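A short worksheet on the structure shown next.
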Amino acid sequence: MSLYYSTQLALALTTQQVSNNFGFNPDTYYIDILNDIYNLFPVNTIPTPVLDDRFYAGYVGVYTANGDGNTYDQSFTLTERPLAETQATISTDLKSAAEADAIVALGNESATLFTSQSYLTVANRLEPYKSIGTSINAIATALDAQVTAVNAATTVKEVGVVGTTLTGALFTGRGSGLGPDDLNLSYYVTFNHSTLDQSETELFVPSTSTVIPYTDIVNNNFDSAGNCFNGVDYEIQIRETSSSTVLAEFVVPLNASGETVTF
Numbered sequence: 000m001s002l003y004y005s006t007q008l009a010l011a012l013t014t015q016q017v018s019n020n021f022g023f024n025p026d027t028y029y030i031d032i033l034n035d036i037y038n039l040f041p042v043n044t045i046p047t048p049v050l051d052d053r054f055y056a057g058y059v060g061v062y063t064a065n066g067d068g069n070t071y072d073q074s075f076t077l078t079e080r081p082l083a084e085t086q087a088t089i090s091t092d093l094k095s096a097a098e099a100d101a102i103v104a105l106g107n108e109s110a111t112l113f114t115s116q117s118y119l120t121v122a123n124r125l126e127p128y129k130s131i132g133t134s135i136n137a138i139a140t141a142l143d144a145q146v147t148a149v150n151a152a153t154t155v156k157e158v159g160v161v162g163t164t165l166t167g168a169l170f171t172g173r174g175s176g177l178g179p180d181d182l183n184l185s186y187y188v189t190f191n192h193s194t195l196d197q198s199e200t201e202l203f204v205p206s207t208s209t210v211i212p213y214t215d216i217v218n219n220n221f222d223s224a225g226n227c228f229n230g231v232d233y234e235i236q237i238r239e240t241s242s243s244t245v246l247a248e249f250v251v252p253l254n255a256s257g258e259t260v261t262f
């Protein structure tokens, strides 16, 4: 069903709503008649947002005149949940995930015996409890850093950056240029994040401190980069642009034709 923006009502209306309000089917009328007589403008619609309800309570459609003079463009403004509420929710989720990781680290060993061993110095602990303690300590340290960052965040979007995980896939590779140290043209195949759009990311090569900025070009989100690797380390990071927060990292495969890498 089509959507029309009424400048008279300052509302976006479906075909059925136009019929109810104006008494005709706008899908069968010439655009000039809709514009000039009824002040109705076809809307260039986009997919409605898929929201993570831990961060957003809903969204509102926004309509602006297109430069063609005959249509309106659609966008959405997201309604954020209160910052404190989001911080509490994500902190709880992080703690639950850490507890699950700790249970996996404990495996089939006795929790009671592990607790008794934890009172001893690391040198005096028996295996496998010494190794388990090291693993659980790493989980606790990572959790503390994440919760601290979440509580220090000043915006809902920032809570999402430091407290949730980016998943997806990037079509990328090395060797399409002059040699194996050249990054191919790369683009997102899928991009899933609670508060970020893919346009808010960049690629970063730690070994050479090379930044590859995002471009809004289909099948070329990241331009090729010559000699951006050092010949030894082929790790690359996906970062949030404004804060340089690392969202994902992986090793870029040697493939001049490119391939899909899941992160």
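In numbering that gives the first Met the number 0, the protein residues as written are 0 to 262. Here a beta-carbon is modelled for each residue, glycine too, at the ideal position from N, C-alpha and C. All values reported here derive from a predicted model rather than from experimental measurement.
- Contiguous beta strand (DSSP E) elements confined to the segment 23 to 77 occur at 39 to 43 and 55 to 64, taking only those with 3 or more residues.
- Here D232 is exposed: its Cβ has fewer than 16 other Cβ atoms, across all protein chains shown, within 10 Å.
- DSSP places V17 in the uninterrupted alpha helix (DSSP H) bounded by T14 to F21.
- When C-beta atoms of the segment 103 to 120 are compared with those of the segment 72 to 90, fewer than three pairs fall below 8 Å, so the two segments do not count as touching.
- Residue burial annotation: P25 is buried, with at least 16 other C-beta atoms found within 10 angstroms of its C-beta.
- Pairing E248 with K94, the inter-Cα distance amounts to about 23 Å.
- Within the same chain, and ignoring the five residues on either side of L50 in sequence, the residues whose Cβ sits closer than 8 Å to its Cβ are G57, Y58 and L77.
- The continuous beta strand (DSSP E) containing V188 extends over residues Y186 to N191.
- Scanning the segment 238 to 262 from its first residue to its last, the whole beta strand (DSSP E) runs of 3-plus residues come out as 245 to 250 and 258 to 261.
- By the criterion of a C-beta distance shorter than 7 Å, G230 is surrounded in its chain by D180, once the five residues flanking it on both sides are discounted.
- Rounded to the nearest whole angstrom, the CA to CA distance from S243 to A141 is 19 Å.
- Here the alpha carbons of F40 and N65 stand approximately 10 Å from one another.
- For R80, the CB contacts under 7 Å within the same chain, skipping 5 residues up- and downstream, are F54, Y55, A56 and V155 in chain order.
- Relative to R238, the option among T63, T166 and F23 whose CA is nearest is T166.
- Spanning the alpha carbons of G68 and D31 requires a straight line of approximately 10 Å.
- T261 and T171 have their C-alpha atoms spaced approximately 10 Å apart.
- Looking only at Y128, Y186, I138 and T13, the smallest Cα-Cα distance to Q197 is reached by Y186.
- Annotation for G257: F170, T171, G172, S175, N183, L184 and S185 place their beta carbon closer than 8 Å to its own, counting only its chain and skipping 5 residues before and after.
- G132 carries a helical assignment under DSSP once its states are collapsed to helix, strand and coil.
- Rounded to whole angstroms, the Cβ separation of C227 and V245 is 17 Å, and the two are not in contact under 8 Å.
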